[in-house]
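Undergrad:
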């Protein structure tokens, strides 16, 4: 399975529906995007996911850190 | 005595003030008042966000309770604070109470602070607890709120945490609302901005390389949720303010089962866990209160250790999008009132503050002007309050006879009082709100002050301005015409 957002293949099953086995939610290990199997294709299909919301895996370490990590005391 | 004090005293006499100790009792009142609707048919989880948007689009839109959500066990309620009618009912006032009156009443109650809470041992939230095989989806019916959110989010979680350097100090216990991304059955992301109280506490914990225990309370009574997103001083207690806003009736708190943190006794769900020290992970985007998506950032990570919950817990969450949506109603007066109170401490001339626009990014101050330049100085004071410093970006100052909640009056003041050459000031390179898409770089603002007051000496006064006052008899005729109009409708 490919992540619709960052298009890496490290995708895990997060959870199955607590009632009725009617959906699953998957999460991407790389960018933490998650989606439900029953959502529309623009949220689940890498080809249809909006380009402006795509994220390149090599850009993730460069994202702004909130809040900044302070120096250790003592 | 100022008009604020005079009108508030009148309200004090007529307001009985119903007090809510949990969400359920408030939902009952909303339903009885026609301000809650039930969706009995099963819905897909992702329809809930659209319903939240839709209800906030309506004039006096109701709360919406979804009884059955596909694949889940428990109900969801949204738009609980999403109209002025619901906001008034939250304070035990008539649902038709005008916004300005709600502002005045909140100010009157604000001065009752502190009202310490009542501590109770047993609480409904302790009816069930999950400590093994933790699965947040078993308790909460989670859903994506906006199309390009990076997953399911908690948008209305009231989070309790203590100061890591002073953990037993009650006044430094923080209750705050911060967005949380669901990242696993027992894992969450958290946005802790540096100028928020939890950001201060997380930085202290991380300097010691210690985890920061937190209790995430969902589905609280409406004034607790209101106070959780109200900017107050670091060493002031949100619980003591809830008692004040309850018109002097203490709220009930209890110790959380796992970490012994003080939590609202009436909440539906309490998730306990800790923020992992010195760990950041990709979080977002998320559709945020300025009406646009935040970018993805490296933010904190929470490990869940237990989930306590009432029988049949109701998951309360809010929709936020292009203003106005539920979050704008929630943040409107809880931003205006503390800013007014802080300004009033230094400048008793201030009559009212309307900071309802995007959590105070836009604010209008009404004040008496003692001398030339006074209005600008008052605006600068707003920019040095803890909340105004990062948030406030556009400040309009009007004379005391202009109602800042009446935008027609404010526009009149702008069009007839402002000389753009001397009354518009830009203050560069100030702290800013990073979620404001115009903040450049994120976290920095240039501030705009518009002085829409009439000039006073020693400022150059080019000509005297005599106000056009209403002719004698206007009030009498308002009553007569209004009465005739009502009769003609019947």
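Chains as they are written, first to last, in our numbering: chain R, 3 to 76; chain G, 13 to 502. Backbone N, C-alpha and C define an ideal beta-carbon position, used for all residues, glycine too.
1. List, in order along the chain, the chain R residues whose C-beta lies closer than 8 Å to that of residue 309 of chain G?
2. Can you list, in chain order, the residues of the stretch 213–236 of chain G whose Cβ is nearer than 7 Å to any Cβ on chain R?
3. Relative to the alpha-carbon of residue 91 of chain G, which residue among G/438, G/102, G/355 and G/286 has its alpha-carbon at the smallest distance?
4. Which two residues bound the contiguous alpha helix (DSSP H) that contains residue 98 of chain G?
5. Go through the stretch 139–169 of chain G residue by residue and report every complete run of the beta strand (DSSP E) that reaches 3 residues or more, in order.
6. Looking only at DSSP bridge pairs, what is residue 285 of chain G linked to?
7. Output, in chain order, the set of chain G residues within a Cβ distance shorter than 8 Å of residue 28 of chain R.
8. Using the Cα positions of residue 180 of chain G and residue 442 of chain G, report the straight-line distance between them to the nearest angstrom.
9. Would you say residue 13 of chain R lies against chain G (beta-carbon separation less than 8 Å)?
10. I'd like the list of long-range same chain contacts for residue 203 of chain G, defined as Cβ closer than 6 Å, with 5 residues on each side in sequence excluded.
11. Report yes or no: do the stretch 324–333 of chain G and the stretch 58–73 of chain G share at least 3 C-beta pairs separated by less than 8 Å?
12. What residues match up with residue 231 of chain G in a beta bridge as DSSP calls it?
13. With respect to the alpha helix (DSSP H) encompassing residue 423 of chain G, which residues constitute its N-terminal and C-terminal limits?
14. For the stretch 308–330 of chain G, list every residue whose C-beta sits within 9 Å of some C-beta in chain R, in sequence order.
15. Would you say residue 294 of chain G faces chain R, with C-beta separation under 8 Å as the test?
16. What's the C-alpha gap between residue 434 of chain G and residue 379 of chain G?
17. Am I right that residue 199 of chain G and residue 313 of chain G are in contact with their C-beta atoms under 8 Å? What's the rounded C-beta distance?
18. Curious, which full-length beta strand (DSSP E) runs of at least 3 residues does the stretch 342–370 of chain G contain?
19. Secondary structure at residue 21 of chain G, three-state DSSP: helix, strand or coil?
20. Beta-carbon separation of residue 153 of chain G and residue 84 of chain G under 8 Å?
21. Counting along the chain, where does the alpha helix (DSSP H) carrying residue 193 of chain G start and finish?
22. Please name the residue, chosen from G/129, G/425, G/391 and G/468, that lies closest to residue 438 of chain G on a Cα-to-Cα basis.
23. Please list the partners that residue 74 of chain R has in chain G, where partner means a Cβ-to-Cβ separation under 7 Å.
24. With a cut-off of 8 Å on the beta carbons, I'd call residue 196 of chain G and residue 171 of chain G a contact; round off their distance for me.
25. Curious, which full-length alpha helix (DSSP H) runs of at least 4 residues does the stretch 49–75 of chain G contain?
26. For a contact defined as C-beta to C-beta under 9 Å, what are the partners of residue 204 of chain G on chain R?
27. Against chain R, which members of the stretch 134–150 of chain G pass a CB distance test of less than 9 Å?
28. Whose CA, out of G/427, G/49, G/369 and G/346, lies closest to the CA of residue 405 of chain G?
29. According to DSSP, is residue 487 of chain G helix, strand or coil?
30. Kindly say whether residue 250 of chain G, judged by its beta-carbon, lies nearer than 8 Å to any beta-carbon of chain R.
31. May I ask you to list the residues that DSSP assigns as paired with residue 200 of chain G?
32. According to the Cβ coordinates, are residue 367 of chain G and residue 342 of chain G closer than 8 Å?
33. When you compare each of G/159, G/308 and G/462 to residue 432 of chain G by their alpha carbons, which one comes out closest?
34. Straight-line CA distance for residue 3 of chain R to residue 11 of chain R?
35. With DSSP as the reference, please indicate the residues paired to residue 508 of chain G in a beta bridge.
36. For residue 220 of chain G and residue 227 of chain G, what's the separation of their Cα atoms in angstroms?
TA: Straight from the coordinates:
1. 65, 66, 67 and 68
2. 214, 215, 218, 219, 220 and 221
3. G/102
4. 96–102
5. 140–142
6. G/226 and G/316
7. Going along chain G, no residue has its Cβ under 8 Å from residue 28 of chain R, so there is no contact; the nearest lies around 10 Å.
8. 35 Å
9. no
10. 190, 191 and 311
11. yes
12. Answer is none; residue 231 of chain G lacks a bridge partner.
13. 419–429
14. 308, 309, 310, 311 and 312
15. yes
16. 19 Å
17. 7 Å
18. 362–369
19. Because residue 21 of chain G carries a pLDDT of 38, less than 50, the predicted location of this residue cannot be relied on, and the following value inherits that uncertainty. Of the three classes helix, strand and coil, the one that applies to residue 21 of chain G here is helix, per DSSP.
20. yes
21. That residue, residue 193 of chain G, is in no alpha helix (DSSP H); its beta strand (DSSP E) goes 192–196.
22. G/391
23. 219 and 221
24. Not really, about 18 Å apart at Cβ, beyond 8 Å.
25. 59–69
26. 68 and 69
27. 147, 148, 149 and 150
28. G/369
29. helix
30. no
31. G/194 and G/314
32. no
33. G/462
34. 6 Å
35. Nothing about residue 508 of chain G can be read from this structure; chain G reaches only from 13 to 502.
36. 20 Å
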